[in-house]
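Down below is the structure, laid out as structure tokens.
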Amino acid sequence: VSPRASDFTDALAEKAAKLVFQYLPTAVEKGDCVATRGKMHNASTLAGMAFSQAGLGLNHAIAHQLGGQFHLPHGLANALLLTTVIRFNAGVPRAAKRYARLAKACGFCPAEANDIAAINALIQQIELLKQRCALPSLAVALKEGRSNFSARIPAMVQAALADVTLRTNPRPASAEEIRELLEELL
910 VSPRASDFTD
920 ALAEKAAKLV
930 FQYLPTAVEK
940 GDCVATRGKM
950 HNASTLAGMA
960 FSQAGLGLNH
970 AIAHQLGGQF
980 HLPHGLANAL
990 LLTTVIRFNA
1000 GVPRAAKRYA
1010 RLAKACGFCP
1020 AEANDIAAIN
1030 ALIQQIELLK
1040 QRCALPSLAV
1050 ALKEGRSNFS
1060 ARIPAMVQAA
1070 LADVTLRTNP
1080 RPASAEEIRE
1090 LLEELL
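Just remember that the working numbering sits 909 ahead of the position in the sequence shown, which is counted from 1.
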């Protein structure tokens, strides 16, 4: 959904997403399956090729703060934020169309589905994937850090605003909006 996305980055990102939805649950359940891990390696590489050209966005800008403040693994932080950030970014029509296109490309909804239905299908599939992979909620992942979360929000907001990855988010995010997103997570 990055404003710097192109046909090339779209193709790479879409293929990466399809591989993740298909192979991640098996990779988590059967970590010794070399073929499945190979598919996840390919997904990771394709995604890296896409974001090295298109950039990242708000999801990573906030995930960097969760990792830095609470030592959450980067992939986990990104996964826990993803549906919240999709809902936020979908407030921009261009981003909404791109999320809808991804949902349709992954087969999560009929080709004729409207953008709202497609985005909801994408969000639902992401939530199902998180469940299948037994990801904890943010509250559980924070452990003892949960009590400090609210107190650290102002610092995380300022750091997220300064994070270079925020530049390629499709929707500008104010300090107040980032604060609201962080509060919504708990």
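Ideal Cβ placement from N, Cα and C applies to all residues, glycine included.
Helix, strand or coil at residue i according to DSSP, with G and I counted as helix
{"i": "residue 1003", "result": "helix"}
{"i": "residue 914", "result": "coil"}
{"i": "residue 1021", "result": "coil"}
{"i": "residue 980", "result": "coil"}
{"i": "residue 1080", "result": "coil"}
{"i": "residue 989", "result": "helix"}
{"i": "residue 1044", "result": "coil"}
{"i": "residue 941", "result": "coil"}
{"i": "residue 1054", "result": "helix"}
{"i": "residue 965", "result": "coil"}
{"i": "residue 1072", "result": "coil"}
{"i": "residue 1095", "result": "coil"}
{"i": "residue 1016", "result": "coil"}
CB of residue i within 8 Å of CB of residue j, strictly
{"i": "residue 1035", "j": "residue 1070", "result": "no"}
{"i": "residue 993", "j": "residue 1094", "result": "yes"}
{"i": "residue 997", "j": "residue 967", "result": "yes"}
{"i": "residue 1041", "j": "residue 934", "result": "yes"}
{"i": "residue 918", "j": "residue 963", "result": "yes"}
{"i": "residue 1087", "j": "residue 1066", "result": "yes"}
Beta carbon proximity, residue i to chain D, threshold 8 Å
{"i": "residue 1033", "result": "Structure shown: chain D not included; a single protein chain is present."}
Close Cβ partners of residue i (< 7 Å) along its chain, the five nearest in sequence each way excluded
{"i": "residue 951", "result": "928"}
Legend entry - Meets three-Cβ-pair contact criterion under 8 Å: the stretch 1055 to 1062 and the stretch 927 to 947: Here the stretch 1055 to 1062 does not lie against the stretch 927 to 947, with fewer than 3 beta-carbon pairs under 8 Å apart.
Are there three or more Cβ pairs, one per stretch, closer than 8 Å when the stretch 1002 to 1009 is compared with the stretch 979 to 991? Between the stretch 1002 to 1009 and the stretch 979 to 991 there are fewer than three inter-stretch CB-CB distances shorter than 8 Å, so the stretches are not counted as touching.
Would you check if there are 3 or more beta carbon pairs closer than 8 Å linking the stretch 924 to 941 to the stretch 966 to 978? The stretch 924 to 941 is not in contact with the stretch 966 to 978.
Pairs of beta-carbons, one from the stretch 950 to 965 and one from the stretch 1044 to 1052, closer than 8 Å: are there three or more?
Touching, no, given that fewer than three Cβ pairs across the two stretches are closer than 8 Å.
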